[in-house]
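> If you count by our numbering, then the sequence shown holds residues 31 to 148, one letter each, in order. A virtual CB, placed ideally from N, CA and C, is assigned to each residue, including glycine.
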Amino acid sequence: QVQLVESGGGAVQFGGSLRLSCTASGIIFSITPMAWYRQAPGKERELVAHITHSGITNYGDSVKGRFTISRDNAKNTVYLQMNTLKPENTAVYYCKAERHLGLGRDYWGQGTQVTVPS
31 QVQLVESGGG AVQFGGSLRL SCTASGIIFS ITPMAWYRQA PGKERELVAH ITHSGITNYG
91 DSVKGRFTIS RDNAKNTVYL QMNTLKPENT AVYYCKAERH LGLGRDYWGQ GTQVTVPS
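Okay, here's the thing in structure tokens:
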């Protein structure tokens, strides 16, 4: 079955950095578009960053220039490097494998908490 396992979350001080990882199994990772979303308390889930199977990236406006999404197809892993973190970045971060011709639906990881105290 498909599994997405996130790691790397935690508490970090204002201005600090974290790198999230999401390792996939049960899918052909190299042809699967991947994305990171986040959901803060009381807010809707929002797109943070997206990467196509070929490495083309796209970012939410609030993280451009501070966050970087990347992928390692040999390790079936997508990363989110987060720099200059702010309290408003506090959220649960989710990894998503997006459906395509070879994958009939989206799949989500369980989420990892990122906390930046104010």
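Within its chain, find whatever has a CB closer than 7 Å to the CB of Thr-114; leave out the 5 residues flanking it on each side and keep chain order.
Here the question's residue 114 lines up with position 84 in the sequence shown. Gly-45 and Arg-96, listed in sequence order.
> What distance in whole Å lies between the Cβ atoms of His-83 and Ser-60, which are believed to be in contact at a cut-off of 8 Å?
Taking the first residue of the sequence shown as 1, we reach residue 60 at position 30. Taking the first residue of the sequence shown as 1, we reach residue 83 at position 53. Contact flag correct, Cβ pair sits at about 6 Å.
> List the endpoints of the continuous beta strand (DSSP E) containing Gln-43.
On the sequence shown, position 13 is the one that residue 43 refers to. Here Gln-43 belongs to no beta strand (DSSP E), and DSSP marks it neither H nor E.
> If you scan the stretch 111-148 from start to end, which runs of the alpha helix (DSSP H) of 4 or more residues do you find wholly inside it?
Complete alpha helix (DSSP H) runs here, min 4: none at all.
> Is Ile-99 helix, strand or coil by DSSP?
On the sequence shown, residue 99 is found 69 positions in, with the first residue counted as 1. DSSP places Ile-99 in strand when its eight states are reduced to three.
> Going by the DSSP bridge assignment, what does Gln-33 pair with across the sheet?
Residue mapping note: residue 33 aligns to position 3 of the sequence shown, counting from 1. Ser-55.
> Whole angstroms are fine: how far does the CA of Gly-134 sit from the CA of Leu-110?
Residue 110 sits at position 80 when you count from the first residue of the sequence shown. Residue 134 sits at position 104 when you count from the first residue of the sequence shown. Straight-line Cα distance between these residues: approximately 25 Å.
> Since Ile-81 is in the beta strand (DSSP E), which residue starts that stretch and which ends it?
For the purposes of this step, residue 81 is taken as residue 51 along the sequence shown, with counting starting at 1. Start and end: 76-81.
> Which whole-angstrom value is the C-beta distance of Ala-54 and Asn-106, which I expect to be below 8 Å?
Numbered from its first residue, the sequence shown carries residue 54 at position 24. Numbered from its first residue, the sequence shown carries residue 106 at position 76. With a Cβ gap of about 5 Å, Ala-54 and Asn-106 count as contacting.
> In terms of DSSP beta bridges, what is Thr-107 paired with?
In the sequence shown, the residue the question calls residue 107 occupies position 77. For Thr-107, which the question treats as bridged, DSSP gives the partners Thr-53 and Asp-102.
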